[in-house]
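A.B. asks: Residue numbers (our numbering), protein chains in the order written: chain A, 1 to 225; chain B, 1 to 225; chain C, 1 to 251; chain D, 1 to 227; chain E, 1 to 227.
Every residue, glycine too, gets a C-beta built ideally from N, C-alpha and C.
Note that the coordinates shown come from a computational prediction; the quantities given were computed from them, not determined experimentally.
Please read through the structure below; I'll follow up with questions.
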Amino acid sequence: MIMSDTPKPAEMNHSSNGSPWIEGVGLALSRNDRYIFTDLNFSLAAGQILQVEGHNGSGKTTMLRILCGLTLPSEGEIRWCGEDIRKNLAEYYAQLAYVGHAPGIKGELTPLENLELARSMSRPRKEADAEQVLERLQLPAYCDDVLCHNLSAGQRRRVALGRLLMLDARLWVLDEPFTALDPGGRKLVEELLSGHAQEGGMAVLTTHHVVNLEGCIVRGLQLGT
Amino acid sequence: MIMSDTPKPAEMNHSSNGSPWIEGVGLALSRNDRYIFTDLNFSLAAGQILQVEGHNGSGKTTMLRILCGLTLPSEGEIRWCGEDIRKNLAEYYAQLAYVGHAPGIKGELTPLENLELARSMSRPRKEADAEQVLERLQLPAYCDDVLCHNLSAGQRRRVALGRLLMLDARLWVLDEPFTALDPGGRKLVEELLSGHAQEGGMAVLTTHHVVNLEGCIVRGLQLGT
Amino acid sequence: MSIIPNWLYQLSSPKNFYRFAGIASNWCGWIALFLLVVGLYYGLVNSPPDYQQGDSARIMYIHVPAAWMSMFVYMVMAGSAAVGMIWRIKASSAFANASAPVGAMFTALALATGMLWGKPMWGTYWVWDARLTSELILLFLYLGYMALQSAIDDRDTAARATAILALVGMVNITIIHYSVEWWNTLHQGATVTKLDKPSIHLSMLIPLLVMAMAFKFYYLSNALRRARCELLERERDKLWVRELVGENNSE
Amino acid sequence: MSEASLGTAFISLLRRDLMLAYRHRAQMLNPLLFFVIVVSLFPLGLDPDPDLLRTIAPGVIWVAALLAAMLSLDSMFRSDFDDGSLEQLLLTPHPLPLLVLAKIVAHWLISGLPLLVLAPVLGMLLNLGSESLFPLLATLALGTPVLSLIGSIGVALTVGLRGGGVLLSLLILPLFIPVLIFAANAVGNAGAGMDITGQLAFLGSLLALAFALAPLATAAALRISLN
Amino acid sequence: MSEASLGTAFISLLRRDLMLAYRHRAQMLNPLLFFVIVVSLFPLGLDPDPDLLRTIAPGVIWVAALLAAMLSLDSMFRSDFDDGSLEQLLLTPHPLPLLVLAKIVAHWLISGLPLLVLAPVLGMLLNLGSESLFPLLATLALGTPVLSLIGSIGVALTVGLRGGGVLLSLLILPLFIPVLIFAANAVGNAGAGMDITGQLAFLGSLLALAFALAPLATAAALRISLN
Ligand code: HEM
Ligand SMILES: Nc1ncnc2c1ncn2[C@@H]1O[C@H](COP(=O)(O)OP(=O)(O)OP(=O)(O)O)[C@@H](O)[C@H]1O
Ligand SMILES: Nc1ncnc2c1ncn2[C@@H]1O[C@H](COP(=O)(O)OP(=O)(O)OP(=O)(O)O)[C@@H](O)[C@H]1O
Ligand SMILES: [Mg+2]
Ligand SMILES: [Mg+2]
Numbered sequence: 001m002i003m004s005d006t007p008k009p010a011e012m013n014h015s016s017n018g019s020p021w022i023e024g025v026g027l028a029l030s031r032n033d034r035y036i037f038t039d040l041n042f043s044l045a046a047g048q049i050l051q052v053e054g055h056n057g058s059g060k061t062t063m064l065r066i067l068c069g070l071t072l073p074s075e076g077e078i079r080w081c082g083e084d085i086r087k088n089l090a091e092y093y094a095q096l097a098y099v100g101h102a103p104g105i106k107g108e109l110t111p112l113e114n115l116e117l118a119r120s121m122s123r124p125r126k127e128a129d130a131e132q133v134l135e136r137l138q139l140p141a142y143c144d145d146v147l148c149h150n151l152s153a154g155q156r157r158r159v160a161l162g163r164l165l166m167l168d169a170r171l172w173v174l175d176e177p178f179t180a181l182d183p184g185g186r187k188l189v190e191e192l193l194s195g196h197a198q199e200g201g202m203a204v205l206t207t208h209h210v211v212n213l214e215g216c217i218v219r220g221l222q223l224g225t
Numbered sequence: 001m002i003m004s005d006t007p008k009p010a011e012m013n014h015s016s017n018g019s020p021w022i023e024g025v026g027l028a029l030s031r032n033d034r035y036i037f038t039d040l041n042f043s044l045a046a047g048q049i050l051q052v053e054g055h056n057g058s059g060k061t062t063m064l065r066i067l068c069g070l071t072l073p074s075e076g077e078i079r080w081c082g083e084d085i086r087k088n089l090a091e092y093y094a095q096l097a098y099v100g101h102a103p104g105i106k107g108e109l110t111p112l113e114n115l116e117l118a119r120s121m122s123r124p125r126k127e128a129d130a131e132q133v134l135e136r137l138q139l140p141a142y143c144d145d146v147l148c149h150n151l152s153a154g155q156r157r158r159v160a161l162g163r164l165l166m167l168d169a170r171l172w173v174l175d176e177p178f179t180a181l182d183p184g185g186r187k188l189v190e191e192l193l194s195g196h197a198q199e200g201g202m203a204v205l206t207t208h209h210v211v212n213l214e215g216c217i218v219r220g221l222q223l224g225t
Numbered sequence: 001m002s003i004i005p006n007w008l009y010q011l012s013s014p015k016n017f018y019r020f021a022g023i024a025s026n027w028c029g030w031i032a033l034f035l036l037v038v039g040l041y042y043g044l045v046n047s048p049p050d051y052q053q054g055d056s057a058r059i060m061y062i063h064v065p066a067a068w069m070s071m072f073v074y075m076v077m078a079g080s081a082a083v084g085m086i087w088r089i090k091a092s093s094a095f096a097n098a099s100a101p102v103g104a105m106f107t108a109l110a111l112a113t114g115m116l117w118g119k120p121m122w123g124t125y126w127v128w129d130a131r132l133t134s135e136l137i138l139l140f141l142y143l144g145y146m147a148l149q150s151a152i153d154d155r156d157t158a159a160r161a162t163a164i165l166a167l168v169g170m171v172n173i174t175i176i177h178y179s180v181e182w183w184n185t186l187h188q189g190a191t192v193t194k195l196d197k198p199s200i201h202l203s204m205l206i207p208l209l210v211m212a213m214a215f216k217f218y219y220l221s222n223a224l225r226r227a228r229c230e231l232l233e234r235e236r237d238k239l240w241v242r243e244l245v246g247e248n249n250s251e
Numbered sequence: 001m002s003e004a005s006l007g008t009a010f011i012s013l014l015r016r017d018l019m020l021a022y023r024h025r026a027q028m029l030n031p032l033l034f035f036v037i038v039v040s041l042f043p044l045g046l047d048p049d050p051d052l053l054r055t056i057a058p059g060v061i062w063v064a065a066l067l068a069a070m071l072s073l074d075s076m077f078r079s080d081f082d083d084g085s086l087e088q089l090l091l092t093p094h095p096l097p098l099l100v101l102a103k104i105v106a107h108w109l110i111s112g113l114p115l116l117v118l119a120p121v122l123g124m125l126l127n128l129g130s131e132s133l134f135p136l137l138a139t140l141a142l143g144t145p146v147l148s149l150i151g152s153i154g155v156a157l158t159v160g161l162r163g164g165g166v167l168l169s170l171l172i173l174p175l176f177i178p179v180l181i182f183a184a185n186a187v188g189n190a191g192a193g194m195d196i197t198g199q200l201a202f203l204g205s206l207l208a209l210a211f212a213l214a215p216l217a218t219a220a221a222l223r224i225s226l227n
Numbered sequence: 001m002s003e004a005s006l007g008t009a010f011i012s013l014l015r016r017d018l019m020l021a022y023r024h025r026a027q028m029l030n031p032l033l034f035f036v037i038v039v040s041l042f043p044l045g046l047d048p049d050p051d052l053l054r055t056i057a058p059g060v061i062w063v064a065a066l067l068a069a070m071l072s073l074d075s076m077f078r079s080d081f082d083d084g085s086l087e088q089l090l091l092t093p094h095p096l097p098l099l100v101l102a103k104i105v106a107h108w109l110i111s112g113l114p115l116l117v118l119a120p121v122l123g124m125l126l127n128l129g130s131e132s133l134f135p136l137l138a139t140l141a142l143g144t145p146v147l148s149l150i151g152s153i154g155v156a157l158t159v160g161l162r163g164g165g166v167l168l169s170l171l172i173l174p175l176f177i178p179v180l181i182f183a184a185n186a187v188g189n190a191g192a193g194m195d196i197t198g199q200l201a202f203l204g205s206l207l208a209l210a211f212a213l214a215p216l217a218t219a220a221a222l223r224i225s226l227n
């Protein structure tokens, strides 16, 4: 079940140079007394990207939700810089940005309003400007005044991904970020990801598609048998 | 804007051999008085597959909804065997199966219940059996008793696609059917599609991914500039 | 298009309607003003005080036309919304939308004048009487129409949805009108609108009718002006609007 | 090639809605409990003078019925809209008004019928005389289906919209009022020994009218809302 | 690296919820209209005798408050849950109970405050004496926030938890009842010239208790529901 596991010495490294790292230790989850996965271990250092893989229903989404502290694992824990995230959720969440299956944007607000809202709810990136972010995400200008529920699926996803650029998060957790995006949009997200990694950020993502992350350290985590 | 258009003689052919065909004539749609597309024409004969292409927000979903008669075009009409579908919606709908962005399955019902419901609401395929369909869609057996909102995204999508196998529809309209599916699932849907085409069915689909439909006549319709 | 006369069909194009409405709204406005002055003079100054009610009866010249208009406007609104929905005529929907605030205003006016009149006549501003209540409901219907319209942001969809609402609300109009017969109420029964023999003196009837006409023309003038604005906004990307705006700018 | 049967579709849809309601028992009880609370609030909060209670009983029970219908109407098409089932409903070969009717019937079975069952008990709580009991039941039997029928139009018009609940009530409460007036009036008059066939006839014809027109209007409204 | 400010988050969330309710200025009128309609249902259904109306006025206004709370509670977390905003709310660095409080405040501003503004007018329509006006306002001011606070717990428990049982109704409605009884009672007594400090004190302490505990309970319930 475990494809890649960091040996202990590596962890020592992380802590010594002061940059953050995250690890999952002995994770297991059962639903209705059926184990979806057991004894899952991984670890991720600054500048690395973890790609969670597995067939439909193998527990990828569940695993990401555990990573975010949304779902309680049946066994094991998530550690941020060596400490269980449950000990200091607030500090952990200040470093985290999550984009899940559900976009987490309000259909009755415009893209601009949604991004402004996202910014004010967590730790904002200093230089972030909602309008520029939307431009960066190649959302056509006429969309600025259209309510999000009128946008197309791909446009909505772009707005949701805009959150990553509004927040100053070290750890990105992305559940199938490429869904609904056209090839141009996919390329864009790949660029965002590798840029983030090069700045020393971390990302955990799932996708059923081939991703092209040049110049990044991509690790794999295989779920399901 | 039009990439492929069937010449008149082809239409004559369709009608003469009695198999159905569908065409869109001079379609245009405006939202809040802004045109999303204008003067769109296409036509599709039995055994063919139409792949609608375009960047995010180019109007693919809207176009499929027009095809289903859900959205009223600002101009133009859809014709089924040469006749405006609005003239005889019931007969048209007996031939149609639509799987949209929203799965159209109830989260509080089990997959089996959902498929049974789908069958009883439209013209069922004679030999269709919900349990076999779920098996064909490679849904693990334990899912049969799990409520759909507990299923994973990909599993839910499989249930939604199950509708295609429960109904006896000549025309499939699929909006990004590959979303959330793992490679195995995608292969499955490709097989379903080419099987359907070989039996003389028609399909209209959108997808941002490369599809491999061997032995099928795949036509393209490009939206957006 | 055989159902609609050709001239009406041509009129229904936004551009022609805009031209026509501009002229008509001006004319109606002036006529309304003239009739209003005449009606008010005859009603408030020149007509005899009522033998039972004295001078307070003069409220009638506002109240009764306003009450009539409140229902009349609703019917026009529902009709034009229906036409707009069925034949997808923007001008017709725009006219329906423009009617709603005017109608609501007349309804509020009828309610207010009725309440003012009620104090000297019945000793109270408000009773929960069938006609009064149904008039209040009519106000809610207008407000509901406007609320629904403002809640839907696609204008075509909004026009069709509000048309259905307006048509369903028509049932209520019947109830308002017959409320006086169905329940025994404080409110006066039909006096003017009895067809055979109006039980009202001619010297009061004439100013009343003049006021009624004045209100009608005011309605037309106001609603046409509003419909014009809405059309202009909706067609802002169309050639004729650009030309129009261009003309004005170059002047 | 087996044909699509309207009867099967109608029954399946009805069964589905009842099943969903049953799985959501909590939500189902909400309007019912609300009904009981509204009715019992009056004897509890007011001074419990038996005569007073008897006078207000018909009105209170009817207003409570109205409000309970309102509460449950809100979710009539919402979840179907959200998960795309409504689209699928529109795409069946069956006449939409009849399918809509199945949903309305389900709504009435869930929200109207229980009131009929509860009404005698509540009437007793409010000292309603036994001579008013039958008229109360009769008006409820004729009137609550009208609420479901008319309400469905409003819900269909507002299904995709935000601020749903309040907007919905703005649209439909005015349309409910005739039912309320005639029904409460009938029960009150029955208590005073008067004849109420007139009111019952009115309610009956309202029901017939609503039954004939509301499914059509609702179906049209749904097609518009989904446009 | 600028820090996340709790104040900003609280205000933005509050503003967002208000904005969602009133996308257009005109929509601010909706709750007010709603109350007028609900309150006018009673005189229509009952016999519109001024004395009778005065007696039932407190009950009527309180039922309207309850209805407004119930109608809007249902959607308090639902749309946030459906579109994933609720997840995002849980993932902010701020203490969840305080963010939840922002949502509760928004709910009260939408469903409770308009009633306070309108109460004098509605009281007049229902012939309520001027001596009852202050007590009515006082009970509404103390009581409606309690409805929002307690209600939020129930909604949070049931938001994702389908078939979760009869919990919601059984949990929140019984808690609403004391509020209603004491409030309606206080207004009634005030009309009869009696002292009502007792009732007000009770409502006040209920409010204090709910204020202290409800956001905590709601936050915990949300975490459980999203698990
Ligand atoms: C708020 C209070 C009132 C309201 C809402 C109200 C409403 C109405 C309405 C809707 C009509 C038109 C009925 C129809 O044409 O079918 C009307 C007509 C009339 N009202 Fe009132 N009214 C009020 C108070 C009064 C009072 C106090 C009086 C005087 C005693 C009065 C006298 C009349 C008369 C004489 C008519 C014309 C009846 C006819 O010929 O149709 N109203 N009112
Ligand atoms: N209550 C439950 N009872 C039984 N099984 C459950 C329950 N809840 C969830 N599951 C199972 O847990 C798994 C959840 O998987 P998850 O959503 O994490 O999958 P995933 O890897 O993200 O899949 P996908 O690629 O389709 O998104 C599914 O197999 C689902 O059937
Ligand atoms: N009310 C509105 N006002 C302005 N634009 C609108 C409105 N409603 C929809 N649109 C626009 O119409 C288009 C809808 O496109 P549609 O959903 O059909 O795109 P799509 O091709 O399916 O895109 P995707 O690949 O992202 O799914 C979008 O560009 C959207 O911004
Ligand atoms: Mg997943
Ligand atoms: Mg799309």
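Is TRP21/B near CYS68/B, with beta carbons less than 9 Å apart?
C.D. replies: Translated into positions along the second sequence, residue 21/B becomes position 21. Translated into positions along the second sequence, residue 68/B becomes position 68. It is not a contact, given that the beta carbons lie outside the stated cut-off.
A.B. asks: If we call anything under 9 Å between Cβ atoms a contact, is GLY184/D one with ALA161/C?
C.D. replies: By one-based count along the fourth sequence, residue 184/D stands at place 184. By one-based count along the third sequence, residue 161/C stands at place 161. According to the sequence provided, residue 184/D is Ala. The question's Gly does not apply to it. No; because the gap between Cβ atoms is not below 9 Å, this pair is not in contact.
A.B. asks: Does the Cβ of TYR93/B lie closer than 8 Å to at least one heavy atom of ligand 3?
C.D. replies: In the second sequence, the residue the question calls residue 93/B occupies position 93. It does not: the Cβ of TYR93/B is nowhere closer than 8 Å to a heavy atom of ligand 3.
A.B. asks: Tell me whether ASN150/B counts as near ligand 2, meaning its Cβ is closer than 8 Å to at least one heavy atom of that ligand.
C.D. replies: For the purposes of this step, residue 150/B is identified with residue 150 of the second sequence, where counting begins at 1. Yes, the beta carbon of ASN150/B sits closer than 8 Å to at least one heavy atom of ligand 2.
A.B. asks: For a cutoff of 9 Å on Cβ pairs, would you count SER79/D as touching chain B?
C.D. replies: On the fourth sequence, residue 79/D is found 79 positions in, with the first residue counted as 1. Yes, SER79/D lies at the interface with chain B (some Cβ there is under 9 Å from its Cβ).
A.B. asks: Count the CB pairs spanning the region 27 to 37 of chain E and the region 156 to 166 of chain D that are closer than 8 Å, and state whether there are at least three.
C.D. replies: As far as the Cβ criterion goes, the region 27 to 37 of chain E touches the region 156 to 166 of chain D, which means the pair count is three or higher.
A.B. asks: Hey, does ASN30/E have any beta-carbon neighbour from chain D nearer than 9 Å?
C.D. replies: The residue labelled residue 30/E in the question sits at position 30 within the fifth sequence. Yes - at least one Cβ of chain D is within 9 Å of the one on ASN30/E.
A.B. asks: Considering Cα atoms alone, identify which of LEU151/B, GLY47/B, PRO73/B is closest to GLY59/B.
C.D. replies: By one-based count along the second sequence, residue 59/B stands at place 59. The candidate whose alpha carbon is nearest that of GLY59/B is PRO73/B.
A.B. asks: Quick check on the burial criterion: 16 or more other C-beta atoms within 10 angstroms. Buried or exposed for TYR219/C?
C.D. replies: Mapped onto the third sequence, residue 219/C falls at position 219. Buried is the call here.
A.B. asks: Could you name the residues of the same chain whose beta carbon sits closer than 7 Å to that of ALA217/D, not counting the 5 residues immediately before and after it, in chain order?
C.D. replies: Looking up residue 217/D in the fourth sequence gives position 217. ILE153, listed in sequence order.
A.B. asks: Can you list, in chain order, the residues of its chain with a C-beta nearer than 7 Å to that of ASN16/C? Leave out the 5 residues immediately preceding and following it.
C.D. replies: For the purposes of this step, residue 16/C is identified with residue 16 of the third sequence, where counting begins at 1. Excluding sequence neighbours, ASN16/C sits near GLN10.
A.B. asks: Could you check which residue in LEU151/A, ARG65/A, GLN138/A, HIS209/A has the C-alpha nearest to that of TYR98/A?
C.D. replies: Within the first sequence, the letter at position 98 stands for residue 98/A. Out of LEU151/A, ARG65/A, GLN138/A, HIS209/A, ARG65/A has the C-alpha closest to the C-alpha of TYR98/A.
A.B. asks: Express the C-alpha separation of VAL179/D and LEU195/C in angstroms, rounding to a whole number.
C.D. replies: Taking the first residue of the third sequence as position 1, residue 195/C is located at position 195. Taking the first residue of the fourth sequence as position 1, residue 179/D is located at position 179. Confidence at LEU195/C is low in this model, with a pLDDT of 45, below 50, so its placement is unreliable and the value that follows should be read with caution. A straight-line Cα-Cα distance of about 30 Å links LEU195/C and VAL179/D.
A.B. asks: Does GLY104/B come out as helix, strand or coil in the three-state DSSP assignment?
C.D. replies: For the purposes of this step, residue 104/B is taken as residue 104 along the second sequence, with counting starting at 1. Correct three-state label for GLY104/B: coil.
A.B. asks: May I have the straight-line CA-CA distance separating ALA68/D from MET121/B, to the nearest angstrom?
C.D. replies: As a working note, residue 68/D is residue 68 in the fourth sequence. As a working note, residue 121/B is residue 121 in the second sequence. In a straight line, the C-alpha of ALA68/D is about 30 Å away from that of MET121/B.
A.B. asks: I'd like to know whether the C-beta of PRO73/B is nearer than 9 Å to at least one C-beta of chain A.
C.D. replies: Along the second sequence, one-based indexing puts residue 73/B at 73. Answer no: the Cβ-Cβ gap between PRO73/B and chain A never drops below 9 Å.
A.B. asks: If you reduce the DSSP assignment to three classes, tell me which class LEU99/D lands in.
C.D. replies: To locate residue 99/D, count along the fourth sequence from 1; it is residue 99. Of the three classes helix, strand and coil, the one that applies to LEU99/D here is helix, per DSSP.
A.B. asks: In three-state terms, what does DSSP make of GLN27/E?
C.D. replies: What you label residue 27/E is simply residue 27 of the fifth sequence in a count that begins at 1. If DSSP states are grouped into helix, strand and coil, GLN27/E belongs with the helices.
A.B. asks: Who are the neighbours of VAL168/C on chain D, taking C-beta pairs under 7 Å?
C.D. replies: On the third sequence, residue 168/C is found 168 positions in, with the first residue counted as 1. ILE153, LEU175, ALA217, listed in chain order.
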